[in-house]
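What follows is a set of notes on a single structure, which appears directly below.
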Amino acid sequence: MSQSEINLQHTAKLARLELTEEEMARYQSQIAGILDYMKVLEAHEDLAAVDPTAHAMPVYDVWREDASRDGFTAEEALSNAPRKSQGQFLITRVVEE
Amino acid sequence: MSLSESTIAQLRKQLKSGDITPADIIKDLHQGMEKVNESLGAYISYDVEAALKEAETADLSLPLGGIPIAVKDNINVKGQPCTCGSKFLDENYTAPYNATSIDLLRKGGAIPFGRANMDEFAMGSSTENSAFFPARNPWDLARVPGGSSGGSATAVGANIALAALGSDTGGSIRQPAAFCGNVGIKPTYGRVSRYGLVAFASSLDQIGPITKTVEDAALVLNHLCGHDARDSTSLKVEVPDFTSALGQDLKGLRIGIAKEHFIDGIHPGIREAVEKAVKQMESLGATIVDISLPHTDIGIATYYILAPAEASANLARFDGVRYGHRAEVPADVENDKRLLYHYQKTRSEGFGPEVKRRILLGTYVLSSGYYDAYYVKAQKARTLVRRDFTEAFEKVDLVVSPTTPVPPFKIGAFRDDPLSLYLEDLFTIPANLAGLPAISVPCGMIQHEGVELPVGLHLTAKPLDEVTVLRAAHAYEQATEWHKRRAPGV
Chain Y
140 MSQSEINLQH
150 TAKLARLELT
160 EEEMARYQSQ
170 IAGILDYMKV
180 LEAHEDLAAV
190 DPTAHAMPVY
200 DVWREDASRD
210 GFTAEEALSN
220 APRKSQGQFL
230 ITRVVEE
Chain G
21 MSLSESTIAQ
31 LRKQLKSGDI
41 TPADIIKDLH
51 QGMEKVNESL
61 GAYISYDVEA
71 ALKEAETADL
81 SLPLGGIPIA
91 VKDNINVKGQ
101 PCTCGSKFLD
111 ENYTAPYNAT
121 SIDLLRKGGA
131 IPFGRANMDE
141 FAMGSSTENS
151 AFFPARNPWD
161 LARVPGGSSG
171 GSATAVGANI
181 ALAALGSDTG
191 GSIRQPAAFC
201 GNVGIKPTYG
211 RVSRYGLVAF
221 ASSLDQIGPI
231 TKTVEDAALV
241 LNHLCGHDAR
251 DSTSLKVEVP
261 DFTSALGQDL
271 KGLRIGIAKE
281 HFIDGIHPGI
291 REAVEKAVKQ
301 MESLGATIVD
311 ISLPHTDIGI
321 ATYYILAPAE
331 ASANLARFDG
341 VRYGHRAEVP
351 ADVENDKRLL
361 YHYQKTRSEG
371 FGPEVKRRIL
381 LGTYVLSSGY
391 YDAYYVKAQK
401 ARTLVRRDFT
411 EAFEKVDLVV
421 SPTTPVPPFK
431 IGAFRDDPLS
441 LYLEDLFTIP
451 ANLAGLPAIS
461 VPCGMIQHEG
471 VELPVGLHLT
481 AKPLDEVTVL
491 RAAHAYEQAT
501 EWHKRRAPGV
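Quick note, the sequences are listed as chains Y and G, same order.
Quick note on the numbering used here: the first sequence kicks off at 140 and runs consecutively.
Quick note on the numbering used here: the second sequence kicks off at 21 and runs consecutively.
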């Protein structure tokens, strides 16, 4: 399971991160070392025979009464927006004019 | 004894008798903050005027009436900054709502005062990864206070907070509490609502208090727990009065000692302090039982797959559109590349090195071709860790171990060696993987590299059995003097 080399450029793109060359070199060796350590999981042969646990405690669907209630006002929702316009979040332009 | 050196329980008596007012406490704490916060780095920010204003209307008939409590800077308090120790949220984010834990504390009469320093987005075991400045250990300023709730532990350890909220994903309440000579408890997963806690790893995160004594921990915990419909992982269970268990002896209590917790690599002074503590608990009436937790050795690997995986998903929300840092997109970037440029530049500028490392690791273990090899395998390993405890708790009521294998280390000691730093969480991580309640309580002082440093004793119980954790920790605490030792000052 362990990888001494990972395609860090591809992983960074998936994570929406842009790394400098220096970061690439540093993370490449550090993450490879961490992934090598994960081999310790292989030492337990009983691993294959168990079900995975996503949560230590049971998780339930949460239902509430279908009734109106107070929420954020538009002003509150926009209060931390880096850029806003006409009562809306302003996003980066992605289409031709 | 000054007000800021007192415990919550002591101050409650003085407040009720009218000898002091909540404003007196806040002013006393503020005086200390002004004097030592620059050298300690315990608080990222604090607003004394707002706290004094709240103090004017404090209801002293409430259990925590007029008691100021510091808040880790990843828990939302309406109208206050919530930086998460990150440049991503620096100066451009003001919480528009209260975390449920803050609402509950206020219902109990407490006053949130001070935003405690932390590792960025709670990722770290040292509070060196704060984007602003490191927090320092009040017992030795050259050393870390632990992390990620290091600011909370430093503030309590240095008497510039009576108590502080922290969050614990792999030991982030208990490890800094041990390093700073405090009490820190991680409740059962689901006991305390995570609504309003900025998520790091959602299946592991839990809010809890760092205090000077076990009694104070029980007092604060009484006002943190309860079902919350806004958190789908919140448990619908009765909340006992956690202070009711205090004062009992340990007769009939079975304490498990796992051979896997006393391995090579533990500092000899820590081993000795913990062994003495176990004997002390035996003399208080407990029965010591040898047990085995055979999957202890895979806890760290499991955690460092699951936590980064969940973090990589949780931190996807930091995209520079709705809140936080936003990078400028130059006009010459082609239209079809502008959005990707926006995301990448924003996130690369906003996140620090440890956060980027964990996002990359998490993204990798969740990516096509590696999901089964890493993520699913780690979830299976989690089953084994959990099963170990289930079997152990058929024989014992508590599992006792050191909180940390080594004493507080020097700032920068693991700067280029993240894996070695991760291994420090060996004893605390299993409680998070299994969702169990666990506490760290002071159990000794050791001489290490010419300085005197605190040692923590770690007690873990079965799910929802905080009462037993607190009962045992309190009985031990009251039989010793370790909790009375305070940091030598700064």
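Think of the CB as a built atom: it goes at the ideal place given N, C-alpha and C, for glycine as much as any other residue.
Less than 8 Å between the CB atoms is what I'm expecting for residue i and residue j, so what's the real figure, rounded?
| i | j | result |
| --- | --- | --- |
| residue 136 of chain G | residue 189 of chain G | At roughly 16 Å, the Cβ-Cβ gap does not stay under 8 Å, so residue 136 of chain G and residue 189 of chain G are not in contact. |
| residue 129 of chain G | residue 48 of chain G | Between residue 48 of chain G and residue 129 of chain G the Cβ distance is about 18 Å, and since that is not below 8 Å, they are no contact. |
| residue 298 of chain G | residue 415 of chain G | That pair is no contact at about 16 Å. |
| residue 209 of chain G | residue 382 of chain G | 20 Å between Cβ atoms; not a contact. |
| residue 232 of chain G | residue 503 of chain G | 7 Å |
| residue 457 of chain G | residue 493 of chain G | Going by Cβ atoms, the distance from residue 457 of chain G to residue 493 of chain G rounds to 11 Å, so no, they are not a contact pair. |
| residue 195 of chain Y | residue 407 of chain G | Actually they do not touch by this definition, with Cβ atoms about 11 Å apart. |
Strictly below 7 Å CB to CB, what residues from chain Y border residue i?
| i | result |
| --- | --- |
| residue 362 of chain G | 231 |
| residue 50 of chain G | Those do not exist, as residue 50 of chain G stays about 28 Å from chain Y at its closest Cβ, beyond 7 Å. |
| residue 406 of chain G | 192, 195 |
So, for residue i: in the same chain, excluding its five sequence neighbours on each side, which residues have a beta-carbon less than 8 Å away from its beta-carbon?
| i | result |
| --- | --- |
| residue 217 of chain Y | 223, 226, 227, 228 |
| residue 25 of chain G | 179, 506 |
| residue 300 of chain G | 496, 499, 500 |
| residue 146 of chain Y | none |
| residue 248 of chain G | 120, 213, 215, 254 |
Could you name the residues of the same chain whose beta carbon sits closer than 7 Å to that of residue i, not counting the 5 residues immediately before and after it, in chain order?
| i | result |
| --- | --- |
| residue 378 of chain G | 143, 328, 331 |
| residue 302 of chain G | 308 |
What separation, rounded to the nearest whole angstrom, lies between the Cα atoms of residue i and residue j?
| i | j | result |
| --- | --- | --- |
| residue 225 of chain G | residue 186 of chain G | 10 Å |
| residue 108 of chain G | residue 344 of chain G | 5 Å |
| residue 239 of chain G | residue 262 of chain G | 7 Å |
| residue 491 of chain G | residue 452 of chain G | 21 Å |
| residue 184 of chain G | residue 111 of chain G | 23 Å |
| residue 54 of chain G | residue 35 of chain G | 24 Å |
| residue 186 of chain Y | residue 396 of chain G | 10 Å |
| residue 212 of chain G | residue 459 of chain G | 15 Å |
| residue 277 of chain G | residue 373 of chain G | 38 Å |
| residue 43 of chain G | residue 76 of chain G | 7 Å |
| residue 67 of chain G | residue 133 of chain G | 7 Å |
| residue 95 of chain G | residue 104 of chain G | 8 Å |
| residue 264 of chain G | residue 376 of chain G | 45 Å |
| residue 442 of chain G | residue 171 of chain Y | 15 Å |
| residue 177 of chain G | residue 354 of chain G | 54 Å |
| residue 190 of chain Y | residue 463 of chain G | 38 Å |
| residue 250 of chain G | residue 334 of chain G | 17 Å |
| residue 283 of chain G | residue 461 of chain G | 21 Å |
| residue 177 of chain Y | residue 272 of chain G | 40 Å |
| residue 124 of chain G | residue 45 of chain G | 21 Å |
| residue 92 of chain G | residue 160 of chain Y | 34 Å |
| residue 175 of chain Y | residue 436 of chain G | 17 Å |
| residue 293 of chain G | residue 475 of chain G | 7 Å |
| residue 193 of chain Y | residue 325 of chain G | 12 Å |
By Cβ distance, which residues of its chain are closer than 6 Å to residue i, with the 5 residues on each side in sequence left out?
| i | result |
| --- | --- |
| residue 140 of chain Y | In this prediction, residue 140 of chain Y has a pLDDT of 49, which is less than 50 and means its spatial position is unreliable; what the coordinates show is noted afterwards. None. |
| residue 57 of chain G | 63 |
| residue 281 of chain G | 421 |
| residue 289 of chain G | 466 |
| residue 159 of chain G | 473, 507 |
| residue 259 of chain G | 245, 246 |
For residue i, return the contacting residues in chain G, with the cut-off set at a CB-CB distance below 7 Å.
| i | result |
| --- | --- |
| residue 193 of chain Y | 223, 399 |
| residue 242 of chain Y | For residue 242 of chain Y there is no data in the structure shown, the boundaries of chain Y being 140 and 236. |
| residue 177 of chain Y | 321, 325, 394 |
Can you list the residues of chain Y that residue i reaches, using a CB-CB cut of under 8 Å?
| i | result |
| --- | --- |
| residue 315 of chain G | 183 |
| residue 379 of chain G | 154, 156 |
| residue 368 of chain G | 156, 157, 158 |
| residue 340 of chain G | 221 |
So who's on the other strand from residue i, going by DSSP bridges?
| i | result |
| --- | --- |
| residue 276 of chain G | G:309, G:419 |
| residue 430 of chain G | G:163 |
| residue 467 of chain G | G:472 |
| residue 229 of chain G | G:185 |
| residue 136 of chain G | G:63, G:92 |
| residue 86 of chain G | Answer is none; residue 86 of chain G lacks a bridge partner. |
| residue 460 of chain G | G:204, G:478 |
What residues from chain G crowd round residue i, counting only those whose CB sits closer than 9 Å?
| i | result |
| --- | --- |
| residue 215 of chain Y | 116, 117 |
Which residues in chain G have a C-beta closer than 8 Å to the C-beta of residue i? List them in chain order.
| i | result |
| --- | --- |
| residue 144 of chain Y | In chain order: nothing, as chain G lies at least about 12 Å away. |
| residue 163 of chain Y | Near residue 163 of chain Y there are no residues of chain G at all, since even the closest Cβ is about 10 Å away, more than 8 Å. |
| residue 218 of chain Y | 114, 116 |
Can you name the residues of chain Y whose CB is closer than 9 Å to the CB of residue i?
| i | result |
| --- | --- |
| residue 274 of chain G | What residue 274 of chain G touches in chain Y: nothing, since even the nearest Cβ is about 23 Å away. |
| residue 349 of chain G | 231, 232 |
| residue 359 of chain G | 230, 231, 232, 233 |
| residue 376 of chain G | 151, 154, 156, 158, 162, 166 |
| residue 165 of chain G | In chain order: nothing, as chain Y lies at least about 24 Å away. |
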